[in-house]
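Here the working numbering is used: the first residue of the sequence shown is 227, the next is one more, and so on.
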Amino acid sequence: MDRLSEKGIGATGTIRANRLEQCPLLPGTEMKKKERGFYDYRSDKHSNLIILQWNDNSVVSIASNFAGDMPLKAVQRWSKKEKKIIQVTQPNIISLYNQNMGGVDRADQNVAKYRISIRTKKWWWPFFAWPIDLCVQNAWLLYRQSELFTSQPLDLLAFRRHVVNSWFLQWDTQKSRSTTPSKSAICKRVPLEMRLWEAKHMRIDLSTTRRCAICKKTRPRRMY
Numbered sequence: 227m228d229r230l231s232e233k234g235i236g237a238t239g240t241i242r243a244n245r246l247e248q249c250p251l252l253p254g255t256e257m258k259k260k261e262r263g264f265y266d267y268r269s270d271k272h273s274n275l276i277i278l279q280w281n282d283n284s285v286v287s288i289a290s291n292f293a294g295d296m297p298l299k300a301v302q303r304w305s306k307k308e309k310k311i312i313q314v315t316q317p318n319i320i321s322l323y324n325q326n327m328g329g330v331d332r333a334d335q336n337v338a339k340y341r342i343s344i345r346t347k348k349w350w351w352p353f354f355a356w357p358i359d360l361c362v363q364n365a366w367l368l369y370r371q372s373e374l375f376t377s378q379p380l381d382l383l384a385f386r387r388h389v390v391n392s393w394f395l396q397w398d399t400q401k402s403r404s405t406t407p408s409k410s411a412i413c414k415r416v417p418l419e420m421r422l423w424e425a426k427h428m429r430i431d432l433s434t435t436r437r438c439a440i441c442k443k444t445r446p447r448r449m450y
């Protein structure tokens, strides 16, 4: 957060309870005993950093370098204890986070929907595959905002297929394939006069070692 503040970038995000670095907030056990909507916070005047804990269904820890707890808002929540909708106090930092964090959840949802398989023994593969999925998801969102989407609408799956096909067409290397099979391998394998001579094939010792055409093993062998 301090580095983002130095660059003039405002940021707000949740923090795990074990990442608070001994911030003098109320312990989680005491926060859970408070009424719903209770919050506690600490701020740094030099960096304008604030860390806040809010008691909703569970204790939420959040940090920001540009937003504070004021103004407070009243939001509606369902109470299991009273079995009705009640008014709960919500700090401003929580409200701003809820308004702008939907895009992150949608990105995670789109990535998880058609993600690259990460079941592999290579530990680094998920770190390589996730940025590709994220870039494709971001490209699809930009595609939906373009004029091309109105004339040719594509869902996320169709868009991913289109991207893959485009890359295949661009980087495909077609190898020249002969229309007729080579006769050299067949001729060298068995002498022509011996191939069709009933079953009385005489074996011939090979002077050189070649890879077997059947089992693909390199070892001394005899020709029949």
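Where is the CB? At the ideal position from N, CA and C, for every residue including glycine.
Per DSSP, cross-strand counterpart(s) of residue i
i: Y340; result: Answer by DSSP bridge pairing: none, since Y340 is not bridged.
i: A300; result: T315
i: Y267; result: L278
i: I288; result: T240, L278
i: S305; result: K310
For residue i, three-class secondary structure by DSSP
i: R229; result: helix
i: I235; result: coil
i: I412; result: For I412, the predicted model reports a pLDDT of 47, less than 50, meaning its position is unreliable and no value from the coordinates is stated.
i: A384; result: helix
i: A333; result: helix
i: T346; result: coil
i: F394; result: helix
i: R245; result: helix
i: R262; result: coil
i: T376; result: helix
i: Y450; result: Unreliable positioning characterises Y450 in this predicted model, as indicated by a pLDDT of 45, which lies under 50. The coordinate reading is nonetheless provided below. It is coil, neither helix nor strand.
i: D295; result: coil
i: L252; result: coil
Cβ-Cβ separation, residue j to residue i (assumed contact under 8 Å), whole Å
i: P317; j: Y265; result: 5 Å
i: R303; j: V285; result: In fact, because the Cβ distance is near 15 Å, the residues do not count as touching under 8 Å.
i: T376; j: Y323; result: Between Y323 and T376 the Cβ distance is about 33 Å, and since that is not below 8 Å, they are no contact.
i: N291; j: L278; result: Contact flag wrong, Cβ pair sits at about 12 Å.
i: L360; j: V337; result: 6 Å
Contacts around residue i, its chain only, beta-carbon distance under 7 Å, and the 5 residues preceding and following it disregarded
i: A243; result: G254, S287
i: R386; result: Y340, V362
i: M296; result: N318
i: G211; result: Since the displayed the chain opens at 227 and closes at 450, residue 211 lies outside it and no answer follows.
i: V301; result: V314, Q316
Neighbourhood of residue i by C-beta, 6 Å cutoff - its chain only, sequence neighbours within 5 removed
i: D228; result: S273
i: L252; result: D266
i: E419; result: Confidence in E419 is poor, its pLDDT being 49 and thus under 50, which makes the residue's placement unreliable; the coordinate value appears in the next sentence. So the list is empty, once near-sequence residues are dropped.
i: K463; result: In the structure displayed, the chain extends from 227 to 450; residue 463 sits before or after that span and is not available.
Own chain, CB closer than 8 Å to residue i, minus 5 neighbours either side, in chain order
i: W351; result: I344
i: L230; result: G236, A237, N291
i: K310; result: W304
i: N281; result: M257, K258, K260, E261, R262, G263, F264, Y265
Check: residue i C-beta below 7 Å from any heavy atom of the ligand GTP
i: L246; result: In the structure on display, the ligand GTP does not appear, and there are no ligands present to speak of.
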